[in-house]
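Asker: Sharing a structure below in structure tokens format, with a few things to ask.
2 protein chains.
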Amino acid sequence: MKKWIIFYFLLTSAIQASANDGYKLWLQYYSIPDDSESRSHFGSIHVSGNSPTIEAIKQELDLAANGFFGTQAIMKEADEASIIIKKHDKEIANVISKKDINSIGDQGFVIKTIKSGSQTKIYITANSDLGLLYGTFKWLQYVQKGDMLPEDGLVQSPKIERRILNHWDNLDRTVERGYSGFSIWNWHRLPRHIDQQYLDYARANAAIGINGTVVTNVNANSLVLTEEYLEKVAALADVFRPYGIKTYLTARFSSPIEIGKLNTADPLDPDVQKWWADKAEEIYRHIPDFGGFLVKADSEGQPGPHNYKRSQAEGANLLADALKPHGGIVMWRAFVYSEESPDDRAKQAYNEFKPLDGKFRDNVIVQVKNGAIDFQPREPFHPMFGGLTQTPLMMEFQITQEYLGHDTHMAFLSNMYEEVLQTDTHAKGEGSTVSKIISGNLHDHDLTAIAGVANIGTDRNWTGNHFHQANWYSYGRLAWDPDESSDIIAKDWLELTFTRDETFVSKIQKMMLDSHQMVVNYMTPLGLHHIMAWNHHYGPGPWITDKHRDDWTSTYYHQASSYGIGFDRTASGSNALSQYHPHLSEKWSDKSSVPEKYLLWFHHVAWDHTLSSGRILWDELALRYQKGVNEARNNIETWQEMEGKIDQERFKHIASFLKIQAEEAEWWKNACLLYFQQFSQKPFPDGVEEPERDLNYYKNIDPKFVPGI
Amino acid sequence: MKKWIIFYFLLTSAIQASANDGYKLWLQYYSIPDDSESRSHFGSIHVSGNSPTIEAIKQELDLAANGFFGTQAIMKEADEASIIIKKHDKEIANVISKKDINSIGDQGFVIKTIKSGSQTKIYITANSDLGLLYGTFKWLQYVQKGDMLPEDGLVQSPKIERRILNHWDNLDRTVERGYSGFSIWNWHRLPRHIDQQYLDYARANAAIGINGTVVTNVNANSLVLTEEYLEKVAALADVFRPYGIKTYLTARFSSPIEIGKLNTADPLDPDVQKWWADKAEEIYRHIPDFGGFLVKADSEGQPGPHNYKRSQAEGANLLADALKPHGGIVMWRAFVYSEESPDDRAKQAYNEFKPLDGKFRDNVIVQVKNGAIDFQPREPFHPMFGGLTQTPLMMEFQITQEYLGHDTHMAFLSNMYEEVLQTDTHAKGEGSTVSKIISGNLHDHDLTAIAGVANIGTDRNWTGNHFHQANWYSYGRLAWDPDESSDIIAKDWLELTFTRDETFVSKIQKMMLDSHQMVVNYMTPLGLHHIMAWNHHYGPGPWITDKHRDDWTSTYYHQASSYGIGFDRTASGSNALSQYHPHLSEKWSDKSSVPEKYLLWFHHVAWDHTLSSGRILWDELALRYQKGVNEARNNIETWQEMEGKIDQERFKHIASFLKIQAEEAEWWKNACLLYFQQFSQKPFPDGVEEPERDLNYYKNIDPKFVPGI
């Protein structure tokens with residue numbers, strides 16, 4: 001007997017020690033102690049119903065049982081089972097209250113533990129098979145983490161209806177702003193070969209409640225709307241459907257010309273309207289539950305209604321009318337700015353869309369980036385949130401780290417998302433958070449949505465950096481409940497992805513929670529923005545100037561001079577502040593009451609201006625950069641202490657990336673401080689390391705073939 | 001006790017059932033029956049020595065023990081161990097004969113089982129740590145397959161000194177003629193991040209004896225020779241070194257101009273000579289064991305000595321002189337053909353190089369493709385083999401399937417390699433096989449090498465098609481011993497990669513062994529060649545004509561007319577046959593004695609010419625196409641019978657690809673037969689299915705974004 005026990009532990013430890021490339025994401029189902037009730041639960045499960053989604057539930061239970069205990073999930077009749085997974089019916093009504101069931105809608109679920117005598121049964125119920133799937137995933141997560149279900153059960157439903165990933169993936173498999181390899185969509189092999197990865201993609205997303213995916217780049221290729229490609233898209237949609245994930249496409253506005261042989265794409269032209277109506281019908285023949293279109297128009301070279309002197313509303317409504325009969329929606333991006341940059345770019349989207357408020361069809365939702373510039377390490381919330389009231393607005397977050405260090409920089413973005421979501425716009429008085437706007441509560445909209453620009457690629461761990469999996473995960477969690485807190489999300493992710501080890505979880509959770517501010521510190525502290533390298537955005541480039549348009553340069557944004565630094569967006573400057581609610585614009589117009597994190601976003605500030613710390617701006621700026629660098633270095637040590645707590649493969653991979661991050665943090669600090677010092681003409685304060693190289697060295701760094709197109 | 005046994009089997013079966021994406025290649029180390037002696041062997045191993053290669057041996061033993069039995073490899077002192085892995089010394093001399101040790105050279109190994117009383121010890125010995133590594137891999141393969149070691153032991157050493165993979169990988173990670181994703185070399189993250197995949201690449205290659213890799217494309221970018229990139233290459237070389245793999249680079253002939261700021265690259269210019277000498281020194285500072293350069297010059301737009309009216313020898317010797325002091329070699333490709341195509345392309349390399357025979361430095365080896373055109377599904381051997389005698393020649397095989405159906409077509413190329421290697425050139429009388437030429441025996445050359453153009457990419461299984469792993473594997477096996485037979489290679493690969501199940505192995509082995517001829521049948525039977533689609537080479541294109549150069553068109557190669565079909569390379573035609581030994585040229589000049597597989601390669605033959613089958617050419621051609629299609633369809637059924645014998649993930653993946661292959665076989669057959677029927681004006685014979693579509697349908701197929709650049 002003893003021999004077998006020893007052998008079992010050897011075997012288990014061998015499994016644990018075996019290579020883990022991170023492919024399984026938060027669905028590791030790593031082995032857990034056998035002494036829990038859970039093991040017996042997996043021996044008697046009842047799953048009721050018959051649909052591809054129900055099959056997916058059973059398969060997931062099997063995978064989990066296999067991972068947790070090396071066993072199979074065993075199916076039983078309802079009266080013999082200790083786990084009952086079943087849509088709401090008369091029997092369930094005996095144990096789950098009507099109130100709970102009514103509150104969860106189409107996508108929610110209830111999990112309840114019922115004790116009768118010595119017996120304990122867990123009920124997972126919902127109003128749809130998809131709700132059951134979400135509930136099953138949630139329960140499996142509790143088991144993996146070793147958490148007890150709450151006494152009074154779990155009653156959950158998403159606060160936002162459409163929770164969508166945006167893939168900036170091109171048909172040639174390059175990924176715009178993608179830093180983890182190439183597109184996972186193998187268009188050449190589709191529709192004939194369905195890769196296991198598509199299925200695992202669907203599982204991972206469903207596990208966190210994501211229910212939509214735009215599979216093509218916003219800088220769109222109209223080819224994807226041809227019959228040949230629609231068959232490929234339909235094959236993907238077939239894989240995603242059982243997991244409740246709807247497929248969307250980007251629509252290139254000039255498609256009627258490019259693939260339709262028309263000579264115009266004017267939204268008011270009847271032939272154009274008919275073309276889109278026919279095209280929508282064709283799409284729905286292939287994909288009956290097609291979600292709709294995402295459109296980037298009149299922006300960075302993309303065609304749009306402006307080409308025909310039509311408004312953004314006229315453009316969006318053209319597509320909305322085509323999709324309407326089939327139940328599709330249009331997500332129309334607000335990221336519109338002039339090719340001539342006559343005005344502060346931060347103001348242009350608001351100026352363009354505010355007058356159109358209420359002029360969009362009811363199946364149009366306007367997709368607004370979290371800030372008014374472009375996914376900077378930190379931005380104040382976009383003034384369109386709270387500014388438009390009659391038009392549903394959806395949030396666009398960037399999960400891929402275009403401006404946050406690409407693949408190698410650990411930055412837990414949940415904090416950044418949370419900061420934006422919890423900001424009070426004051427649109428309808430105190431408490432008018434961005435979260436309430438996008439969940440439709442504040443302005444009473446039924447159509448609600450949220451988008452995250454995916455960080456997914458062909459890298460074996462999907463996201464390049466193992467920690468970047470956490471950003472995909474946290475996006476999903478916040479899309480389901482935009483009021484979740486980042487510390488819980490980080491803890492859950494760590495426990496699902498790595499281990500329950502308490503030291504590991506608490507130390508790394510803290511490291512993650514501090515990481516976004518750390519990156520802001522070593523890149524763009526105190527409200528600085530858009531000072532990265534030209535084009536590929538890899539590394540610092542505060543010296544970028546004299547390009548064909550001002551608002552793609554760094555000097556335009558930081559305005560450094562011998563007097564000071566920062567972009568004046570008060571009344572004395574571009575007055576972008578006037579786009580915010582007076583409560584905010586008044587507070588933020590004043591250097592002494594604006595949050596310091598936004599100081600240089602809104603103000604041009606003298607180098608010797610004194611900040612809350614008692615230090616002058618130059619000293620504070622320099623110390624912030626140094627603080628970011630110091631923390632990045634400390635993270636290497638913290639991580640080293642974790643050796644042995646997780647598998648070696650991921651341990652080493654992360655260790656290697658943290659080292660690169662610390663080196664690049666120093667690169668950012670040195671390049672930016674040496675550059676800005678030319679203007680401030682002040683010495684570095686105590687505690688700030690002198691750079692080993694001069695400014696020219698940093699200016700001359702010219703990396704080739706930087707990923708991300 | 002019983003409970004534990006049951007649990008153990010559950011656990012084992014669960015491990016077996018778990019997902020297998022094919023990443024582990026032929027190093028699966030899947031669990032094997034516990035009743036063998038092998039398990040106890042892993043409990044007492046002695047590995048002597050102390051070097052990175054010795055560490056690699058220990059790690060591999062551990063991985064294998066873990067996979068086979070869920071245990072660790074336990075190290076013991078030599079006298080207590082039952083496996084002794086140790087370089088040759090006095091002690092070993094007691095059990096291994098001097099003759100054996102002397103015969104294996106630097107890279108070989110001896111494995112011997114010695115019984116003394118009840119004790120059995122296995123000795124793995126060699127003259128180098130690398131030999132020990134090769135021996136260890138070989139022993140582990142015997143254990144995995146469940147084969148007994150031969151009574152009199154194994155005494156093996158490679159017949160070719162340098163066994164090299166050529167990666168046609170670009171610095172932007174696209175792969176020319178790559179059909180399994182993108183380059184596994186992440187240049188952006190190098191040198192700072194060393195991915196686990198680089199290590200696994202080295203392991204997989206060492207396991208089959210590959211000892212060199214050219215990491216960049218023959219269509220070269222001189223950037224890789226800059227300091228910035230040499231640091232990256234050096235980081236890869238550091239990973240490969242313990243596994244005995246040397247790193248090589250492609251050298252762009254115009255590098256002195258492009259990165260050296262010279263205004264010429266003339267090989268006779270002293271500044272150019274100095275530049276290359278300095279560059280070589282710089283490279284060896286980074287990579288002390290750098291292998292050398294591979295060069296494609298004066299071919300398809302690549303610069304070369306012709307630009308300066310110098311010969312190929314003068315070009316090659318320039319680089320050879322630079323590398324010579326450091327021990328490096330130049331692999332100079334013979335794939336040179338005129339931009340104006342004045343003569344049969346098949347003749348040009350021979351004509352260019354034959355007069356230069358003996359004019360190359362002794363560290364130059366000329367790299368010759370297996371055939372004189374370009375990696376067609378089947379080609380007669382290149383007449384340079386046997387044609388040049390004073391210059392060492394190396395073989396270039398293509399592992400990636402540029403002309404053999406890209407990713408989805410199963411074609412076991414071992415048979416094709418073997419056919420070429422075993423062809424008798426008659427250069428020095430009967431028995432002058434190509435194999436003897438490239439192993440240096442026939443013309444007594446010390447410098448021997450072989451190259452395979454890799455089919456490796458970012459696909460999770462490395463090669464896109466699981467069966468294409470077998471081509472990488474078989475290339476390695478044949479590089480070690482060019483006289484190995486394909487049926488053994490196929491069997492070994494199947495047992496290492498999937499299972500020992502006898503039914504599976506015998507059925508699938510047969511399927512593999514028949515597959516190359518099957519593909520030839522449905523693409524280019526009876527010696528047809530170069531009739532694929534334009535540019536991307538995906539699918540049939542016998543109609544390709546009127547391009548800017550004749551010898552890139554299909555009509556140039558098939559010469560179909562109302563009279564007949566085929567390229568006349570006899571004296572009445574291009575007389576390419578005269579480049580072969582008279583014994584062959586005479587035999588092959590005659591339609592009745594040329595092997596039918598080469599018939600249309602060398603002859604223009606009338607449609608109603610009668611073949612050995614008694615059928616006229618047209619009927620035979622049509623039936624060959626149909627035969628290929630029928631076999632591709634049968635493979636689907638054969639594979640379906642294998643369900644349950646291997647993991648579901650790979651089973652399904654292969655099933656899906658076999659279905660695509662059968663569809664595309666039909667596409668080839670229909671397109672080619674409809675096209676050629678225009679000329680033959682004959683009906684399809686009995687047994688040939690009428691195509692459902694007309695020729696125009698096939699001509700209009702225009703796939704977009706075909707992989708492979």
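Chains A and B are the protein sequences, given in the same order.
In terms of UniProt numbering, the first sequence opens at residue 1 and continues consecutively.
In terms of UniProt numbering, the second sequence opens at residue 1 and continues consecutively.
Cβ atoms here follow ideal geometry from the backbone N, Cα and C, with glycine treated the same way.
Please read all numbers here as calculations on a predicted model, not as lab measurements.
(1) Rounded to a whole number of angstroms, what is the C-alpha to C-alpha distance between A/Pro-325 and A/Ala-235?
(2) Out of B/Trp-667, B/Lys-669, B/Arg-650, point me to the one whose CA is closest to A/His-193's CA.
(3) Give me the Cβ distance between A/Leu-600 and A/Gly-527, rounded to the nearest whole Å; I'm assuming they're in contact under 8 Å.
(4) Taking the runs of the alpha helix (DSSP H) that are 4 residues or longer, which of them lie wholly in the stretch 53-100 of chain B?
(5) Taking the straight line between their C-alpha atoms, what separation do you get for B/Pro-380 and B/Ala-322?
(6) Between B/Val-366 and B/Ala-334, which are expected to be in contact by the criterion C-beta below 8 Å, what is the C-beta distance as a whole number of angstroms?
(7) Which first and last residues belong to the beta strand (DSSP E) in which B/Met-394 is found?
(8) State the Cα-Cα distance for the pair A/Ile-438 and A/Lys-159, rounded to the nearest angstrom.
(9) Taking B/Phe-290 as the reference, which of B/Asn-211, B/Asp-483, B/Ala-346 has the closest Cα?
(10) Hey, which unbroken runs of the beta strand (DSSP E) at 3 residues or more fall wholly within the stretch 123-150 of chain B?
(11) Enumerated in chain order, which unbroken segments of the alpha helix (DSSP H) with a length of 4 residues or greater are wholly contained in the stretch 220-293 of chain B?
(12) With a floor of 4 residues, list each alpha helix (DSSP H) that falls wholly inside the stretch 465-541 of chain A, ordered by position along the chain.
(13) Name the residues in the stretch 191-204 of chain A whose C-beta lies less than 8 Å from a C-beta of chain B; which are they?
(14) Please name the residue, chosen from B/Ala-490, B/Val-519, B/Tyr-522, that lies closest to B/Lys-507 on a Cα-to-Cα basis.
(15) Which chain B residues are close to A/Asp-647, counting only those with a beta carbon under 8 Å from its beta carbon?
(16) According to DSSP, is residue 743 of chain A part of a helix, a strand, or is it coil?
(17) Would a check of beta-carbon distances place A/Thr-458 closer than 7 Å to chain B?
(18) With respect to the beta strand (DSSP E) encompassing A/Ile-365, which residues constitute its N-terminal and C-terminal limits?
(19) Kindly list, in the order they appear in chain B, the residues whose Cβ is closer than 8 Å to that of A/Asp-172.
(20) Using a C-beta to C-beta distance shorter than 9 Å, which residues of chain A count as neighbours of B/Gly-181?
(21) What does B/Asp-481 reach in chain A if we use C-beta pairs closer than 9 Å?
(22) What does a CB cutoff of less than 6 Å around B/Phe-657 pick up in its chain, not counting 5 residues either side in sequence?
(23) What do you get for B/Gly-209, buried or exposed, if any count of 16 or more other CB atoms within 10 angstroms of its CB means buried?
(24) Using a Cβ-Cβ distance cut-off of 7 Å, determine whether A/Ser-44 contacts chain B.
(25) Alpha carbon to alpha carbon, how far is B/Gly-541 from B/Ala-671?
(26) Quick check: the Cα distance between B/Pro-377 and B/Asn-700, rounded to an integer number of angstroms?
(27) Going along the chain, which residues of the stretch 646-680 of chain A sit with their C-beta nearer than 9 Å to a C-beta in chain B?
(28) Could you work out which residues of chain A lie near B/Leu-223, taking near to mean beta carbons separated by less than 7 Å?
(29) Please list the residues of the stretch 159-170 of chain A that have a C-beta atom closer than 9 Å to any C-beta atom in chain B, keeping them in chain order.
(30) Taking Cβ positions, are B/Pro-303 and B/Phe-253 nearer each other than 7 Å?
(31) Assuming residue 785 of chain A and A/Arg-162 are in contact, meaning their beta carbons sit under 8 Å apart, how far apart are those beta carbons, in whole angstroms?
(32) Drop a sphere of 10 angstroms on the beta-carbon of B/Trp-332, count the other beta-carbons inside from all chains shown, and report buried for 16 or more, exposed for fewer.
(33) Flag this pair as touching only if the stretch 122-134 of chain A and the stretch 91-104 of chain A have three or more C-beta atom pairs under 8 Å; answer yes or no.
(34) Kindly indicate which three-state DSSP category A/Trp-543 falls into: helix, strand or coil?
(35) How would you call A/Tyr-625, buried or exposed, if buried means at least 16 neighbouring beta carbons within 10 angstroms?
(36) List the residues of chain A whose Cβ lies closer than 9 Å to the Cβ of B/Asp-21, in chain order.
Answerer: By the coordinates alone:
(1) As a working note, residue 325 of chain A is residue 325 in the first sequence. As a working note, residue 235 of chain A is residue 235 in the first sequence. Rounded to the nearest angstrom, the gap between the Cα atoms of A/Pro-325 and A/Ala-235 is 23 Å.
(2) Walking along the first sequence from the start, residue 193 of chain A turns up at place 193. The residue with the shortest Cα to Cα distance from A/His-193 is B/Arg-650.
(3) As a first step, residue 600 of chain A is located in the first sequence; it is residue number 600 there, counting from the start. As a first step, residue 527 of chain A is located in the first sequence; it is residue number 527 there, counting from the start. Their Cβ separation, rounded to whole angstroms, is 4 Å, which keeps A/Leu-600 and A/Gly-527 in contact under 8 Å.
(4) As for any alpha helix (DSSP H) of minimum length 4 sitting wholly inside the stretch 53-100 of chain B, the runs are 90-93, ordered along the chain.
(5) For the purposes of this step, residue 380 of chain B is taken as the residue at position 380 of the second sequence. For the purposes of this step, residue 322 of chain B is taken as the residue at position 322 of the second sequence. In a straight line, the C-alpha of B/Pro-380 is about 36 Å away from that of B/Ala-322.
(6) Counted from its first residue, the second sequence places residue 366 of chain B at position 366. Counted from its first residue, the second sequence places residue 334 of chain B at position 334. With 8 Å as the limit, B/Val-366 and B/Ala-334 qualify as a contact, their Cβ atoms being about 5 Å apart.
(7) What you label residue 394 of chain B is simply residue 394 of the second sequence in a count that begins at 1. Start and end: 393-398.
(8) On the first sequence, residue 438 of chain A is found 438 positions in, with the first residue counted as 1. On the first sequence, residue 159 of chain A is found 159 positions in, with the first residue counted as 1. Taking C-alpha positions only, A/Ile-438 is separated from A/Lys-159 by approximately 9 Å.
(9) Locating residue 290 of chain B in the second sequence gives position 290, counting from the first residue. Here the closest residue by C-alpha is B/Asn-211.
(10) Correct list: empty.
(11) Runs found: 227-240, 255-258, 270-286.
(12) The qualifying runs are 468-480, 486-497, 502-523.
(13) Here the close residues are Arg-192, His-193, Ile-194, Asp-195, Gln-196, Gln-197.
(14) In the second sequence, counting from the first residue as 1, residue 507 of chain B sits at position 507. Looking from the CA of B/Lys-507, the closest CA among B/Ala-490, B/Val-519, B/Tyr-522 belongs to B/Ala-490.
(15) Within the first sequence, residue 647 of chain A is the residue found at index 647, counting from 1. Here the premise fails: no neighbours, minimum Cβ distance about 11 Å.
(16) For chain A, the structure presents residues 1 to 709; residue 743 of chain A sits outside this window and is missing.
(17) Numbered from 1 along the first sequence, position 458 holds the residue referred to as residue 458 of chain A. Residue contact check for A/Thr-458 against chain B: a CB pair falls below 7 Å.
(18) Mapped onto the first sequence, residue 365 of chain A falls at position 365. That run of the beta strand (DSSP E) goes 364-369.
(19) Position 172 of the first sequence, counted from the first residue, corresponds to residue 172 of chain A. Result: Phe-705.
(20) The residue labelled residue 181 of chain B in the question sits at position 181 within the second sequence. The answer, in chain order, is Arg-173, Gly-181, Phe-182, Asn-186, Thr-458.
(21) Locating residue 481 of chain B in the second sequence gives position 481, where the first residue counts as 1. Correct list: empty, because the minimum Cβ distance to chain A is about 31 Å.
(22) Walking along the second sequence from the start, residue 657 of chain B turns up at place 657. Around B/Phe-657: Thr-408, Asn-465.
(23) Along the second sequence, read from residue 1 onward, the residue named residue 209 of chain B stands at position 209. Under this definition B/Gly-209 is a buried residue.
(24) Looking up residue 44 of chain A in the first sequence gives position 44. Interface with chain B (7 Å Cβ-Cβ cutoff): A/Ser-44 is excluded.
(25) Here the question's residue 541 of chain B lines up with position 541 in the second sequence. Here the question's residue 671 of chain B lines up with position 671 in the second sequence. Near 8 Å, if we compare the C-alpha coordinates of B/Ala-671 and B/Gly-541.
(26) As a working note, residue 377 of chain B is residue 377 in the second sequence. As a working note, residue 700 of chain B is residue 700 in the second sequence. If I take the Cα positions, the gap works out to 24 Å.
(27) Considering only beta carbons, the part of the stretch 646-680 of chain A lying closer than 9 Å to chain B consists of Glu-649, Lys-652, His-653, Ser-656, Phe-657, Lys-659, Ile-660, Glu-663, in chain order.
(28) Locating residue 223 of chain B in the second sequence gives position 223, where the first residue counts as 1. Going along chain A in sequence order, the residues near B/Leu-223 (Cβ under 7 Å) are Lys-704.
(29) Cβ proximity to chain B below 9 Å picks out Asn-170 from the stretch 159-170 of chain A.
(30) As a first step, residue 303 of chain B is located in the second sequence; it is residue number 303 there, counting from the start. As a first step, residue 253 of chain B is located in the second sequence; it is residue number 253 there, counting from the start. Less than 7 Å divides the Cβ of B/Pro-303 from the Cβ of B/Phe-253.
(31) For chain A, the structure presents residues 1 to 709; residue 785 of chain A sits outside this window and is missing.
(32) Counting from one through the second sequence, the residue named residue 332 of chain B turns up at place 332. Buried.
(33) Note that the stretch 122-134 of chain A touches the stretch 91-104 of chain A; at least 3 beta-carbon pairs, one per stretch, sit closer than 8 Å.
(34) Stepping through the first sequence from its first residue, residue 543 of chain A is reached at position 543. DSSP places A/Trp-543 in coil when its eight states are reduced to three.
(35) Reading the first sequence from its first residue, position 625 is the one you call residue 625 of chain A. Classification of A/Tyr-625: buried, given that the 10 Å Cβ count is 16 or more.
(36) Working through the second sequence from its first residue, we reach residue 21 of chain B at position 21. The answer, in chain order, is Tyr-23, Gln-196, Gln-197.
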